[in-house]
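Letter 164 of the sequence shown, counting from 1, is numbered 169 in my numbering, and no numbers are missing.
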Amino acid sequence: MRRSEHAQADEPPGSAAPGKARKRVVIAVAALLTAGVVGVGLAGVRSGGKPSGAAASGAPRVSTVAVVRTDLSSTLSLSGTLGYGRTVSVKGGKDGLVTQLPAVGAKVSRGRSLYRLDDRPVPVFYGTTPLFRPLDTRGLMGRDVKVVADNLRALGYDIGAQPASGSWVAQRPEPTGAASASPSSPSASPSQSASPSPSPSPSYVRVKPGEGVLTASLIAAVGRWQTQVGMPSTGVLGAGDVAVLPGEVRVGAVQAQPGDPATGTLMSVTGTAKSVSVSLDATDVDSIEQGDKATVTLPDNSEAHGAVSAISTDAQASDQAGGDSGGTPQLVVTVSLDSTAALRRLNSAPVQVQFTGQTKKGVLAVPVGALLALSGGGYALQLPGGRLLAVETGMFAKGLVEVSGTGITAGTKVETAS
6 MRRSEHAQAD EPPGSAAPGK ARKRVVIAVA ALLTAGVVGV GLAGVRSGGK
56 PSGAAASGAP RVSTVAVVRT DLSSTLSLSG TLGYGRTVSV KGGKDGLVTQ
106 LPAVGAKVSR GRSLYRLDDR PVPVFYGTTP LFRPLDTRGL MGRDVKVVAD
156 NLRALGYDIG AQPASGSWVA QRPEPTGAAS ASPSSPSASP SQSASPSPSP
206 SPSYVRVKPG EGVLTASLIA AVGRWQTQVG MPSTGVLGAG DVAVLPGEVR
256 VGAVQAQPGD PATGTLMSVT GTAKSVSVSL DATDVDSIEQ GDKATVTLPD
306 NSEAHGAVSA ISTDAQASDQ AGGDSGGTPQ LVVTVSLDST AALRRLNSAP
356 VQVQFTGQTK KGVLAVPVGA LLALSGGGYA LQLPGGRLLA VETGMFAKGL
406 VEVSGTGITA GTKVETAS
């Protein structure tokens, strides 16, 4: 093959020295396509001269194409797993024996019993803060109190007005002292037994954002609800009396058996909506954004559509994310799906996911093989007569590249490696 020289934009057709040829750089998408990304990389060169038989063996063939005006979308294709999303382990919150457990696949919503402890129901409340103490004192406030208030209100119970965030609430301790002395005690005088010590002055606490207050109305509502669900109507709730979960759940697996202590792991649950989990190289995190559209190809080759609903922020080693040990750290991308008949027939399956990122409409584009690298940097297109036109490149997608520059219009004929 003849030696090549660096090409310059807009040089005349005859400016190249005899016996010399310009290098044409081919953008290699093949290597990146194996990783699921349509991108750009330098793969090889083709000679500006015409191939001749065996002498041209291995050299790319040159053809002429027209610049087109089209829509380009960046895409990324990755393997994923269809399922019900993140698994949450459920543990008993207090001592006792498990007397009833749900069936695998059962769905349990707010207020419904998830399991029975000492033959008493443990209902589901939605929230993120579990009950961790007895809610037994009027004026008590906290995020756990708000969980109780929000759920009873959602279940239709009248809980009264809740103090607004930033307001001050009185917390009055119970009176102590002589009032507790027995009137029949020999050491207690009649005046002592009839006149308790004055009540302590209340302290005032400010309600913080996200907190609820245990009011008399809320305590009464707790008692009414307890009666309705078959719990002792005490008006008091404590740790382990309800299972606080993010929302409606589906029972994925049951680890305990009736008669087991409730202090261990009882079961694992997930959400009820099907989604796809995809492992993404942490280095490619900028290629996908929350809200990006996705098309999921199921095992029967039918398609389901959805969008990126979450991208994890904690990268895991690739062996933990299902890849080979020692590889690039992985993030988990969650794709929420629109329901289809095909999805209803599957609980889990390996799938292929194609993400659609940025879309550019009505741009000028040429095959990536039409780009020439210039010695001073940048790229050019070569016209059939040999003239070069400098261009700016934009999006690369599906073997095409967006181009712009002086003299570049739809229909302009350019040479490309084929």
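Beta carbons: idealized from backbone N, C-alpha and C, even for Gly.
Handout entry: Alpha carbon of A322 to alpha carbon of V290, nearest angstrom
Key = Separation of A322 and V290 (C-alpha to C-alpha, rounded to the nearest whole angstrom) is 15 Å.
Practice task
Could you check which residue in S118, L377, S284 has the C-alpha nearest to that of A315?
Solution key: The residue with the shortest Cα to Cα distance from A315 is S284.
Practice task
Go ahead and label V419 buried or exposed: buried means 16 or more other beta carbons lie within 10 angstroms of its beta carbon, across all protein chains shown.
Solution key: When all chains shown are included, V419 counts as buried.
Problem - For T288, three-class secondary structure by DSSP - result: For T288, the secondary structure class from DSSP, reduced to helix, strand or coil, is helix.
Problem - Outcome for G416 when other beta-carbon atoms lying within 10 angstroms are tallied against a minimum of 16 - result: That one is exposed.
Problem - Where I293 falls: helix, strand or coil (DSSP) - result: It is coil, neither helix nor strand.
Exercise for the section: State the DSSP-derived secondary structure class of T279, mapped to helix, strand or coil. Expected result: Looking at the sequence provided, one finds Lys at residue 279 rather than Thr. Annotated three-state conformation of K279 is coil, per DSSP.
Handout entry: Expected contact under 8 Å - CB spacing of Y429 and T398 to nearest Å
Key = Only positions 6 to 423 of the chain appear in the structure, and residue 429 is not among them; the question remains open.
Exercise for the section: Answer yes or no: do V358 and L83 have a C-beta to C-beta separation smaller than 8 Å? Expected result: Contact: yes.
Exercise for the section: Note down the Cα distance separating L393 from E294, rounded to an integer number of angstroms. Expected result: Rounded to whole angstroms, the separation of the alpha carbons of E294 and L393 is 38 Å.
Exercise for the section: Would you mind reading off the limits of the beta strand (DSSP E) that contains R158? Expected result: No beta strand (DSSP E) contains R158, which is instead part of the alpha helix (DSSP H) from 148-159.
Problem - Where the beta strand (DSSP E) containing R447 begins and where it ends - result: Here the chain has residues from 6 to 423 only, and residue 447 is not among them.
Exercise for the section: Could you say if the region 96-113 and the region 260-276 meet the contact criterion of at least three C-beta pairs nearer than 8 Å? Expected result: Touching, yes.
Problem - S222 - containing alpha helix (DSSP H), residue span - result: From DSSP, the alpha helix (DSSP H) with S222 extends over 221-234.
Practice task
Starting from A106, trace the beta strand (DSSP E) both ways and give me its first and last residue.
Solution key: Note on identity: in this sequence residue 106 is Leu, with Ala being the wrong assignment. Careful: L106 lies outside any beta strand (DSSP E) and carries neither H nor E.
Handout entry: Top-ranked residue by Cα proximity to G217, from G165, A258, A244, T239
Key = Of the candidates G165, A258, A244, T239, the one whose C-alpha sits nearest the C-alpha of G217 is G165.
Handout entry: 8 Å Cβ cutoff met for G101 and L119
Key = Going by C-beta atoms, G101 is not nearer than 8 Å to L119.
Problem - Rounded straight-line distance, which links the Cα of T345 to that of E308 - result: As the crow flies, the alpha-carbon of E308 is around 9 Å from that of T345.
Handout entry: Buried versus exposed call for N156 [16 or more other C-beta atoms within 10 Å across all chains shown]
Key = Its Cβ being crowded by 16 or more others within 10 Å, N156 is buried.
Exercise for the section: Starting from the Cα of S170, find the closest Cα among N352, R148, G116 and give me that residue. Expected result: Minimum Cα distance to S170 is reached at R148.
Handout entry: Start and end residues, beta strand (DSSP E) containing L388
Key = In this chain, L388 is not harboured by any beta strand (DSSP E), its DSSP state being neither H nor E.
Problem - Range covered by the alpha helix (DSSP H) that runs through A248 - result: Not the alpha helix (DSSP H): A248 falls in the beta strand (DSSP E), residues 248-250.
Problem - Three-state class that DSSP yields for V373 in the structure shown - result: Correct three-state label for V373: helix.
Problem - Validate contact between the region 128-146 and the region 238-248 using beta carbons, cut 8 Å, 3 pairs - result: Yes, since at least three Cβ pairs between the region 128-146 and the region 238-248 fall closer than 8 Å, the two stretches touch.
Exercise for the section: Would you mind sorting S380 into buried or exposed? The rule is 16 or more other CB atoms within 10 Å of its CB. Expected result: That one is exposed.
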